[in-house]
Each structure stands twice: as structure tokens, then as C-alpha cells.
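Using the numbering used here, read the sequence shown as starting at 1396 and increasing by one per residue.
C-beta: ideal position from N, C-alpha, C; glycine also.
In this text, all values refer to a predicted model and were calculated from it rather than measured experimentally.
These notes concern the structure reproduced below.
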Amino acid sequence: MTGAEPDPSIAIRAAGWRQGDVVAGQDTACLLAAAIDRQPALQEPRLVVLSQDCDLVADVLREPFVELIAGAVIANP
């Protein structure tokens, strides 16, 4: 982040996300750009919130990160 972009963790908390929620497609690119970990090697990743609900609403200084996992939609065989 260059400082001009909003903090994604604040947006997550403001959106009222809960553990297990699937991130909306339009938010995925922003979150991946702000990721401190490796990027998923998927064409169109779907992100799922892993952080516990209490951590999502905790003070950003106490819980500065939101944990997400990437997955992909697969077609039924």
C-alpha cells in the first residue's frame, strides 16, 4: 500500500464480515494487493474469511490482520 489506499482491514470490519463469509468478487483484487503473504496461483480466486468474529471486530492494534484463504469454484463432473 502506498498510503493513499484505505486500510483493507478497516473496510472488512466496517462491512460486518464474519468467519466463513465469501468475499465479494470486486473486493478480492484489493485484498490480494494488500496481502502480506503469498498470492494464490488461481485464475479467479475466491476468498473466504478465516479470522474469528471476535478478531474481526477487535481493535486494529490488537488484531492487525484478517486471515483469508483462497479457493476456486470447480464445475461438477
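- L1442 and L1456 do not touch by the CB rule: their CB atoms are close to 24 Å apart, not below 8 Å.
- Closest in alpha carbon position to I1431, among A1470, V1468, G1466 and P1459, is P1459.
- Put simply, the backbone Cα of A1410 is about 23 Å away from that of A1467.
- Approximately 11 Å separates the beta-carbon atoms of V1444 and D1422; this is outside 8 Å, ruling out the contact.
- In the structure shown, I1469 falls within a coil segment according to DSSP collapsed to helix, strand and coil.
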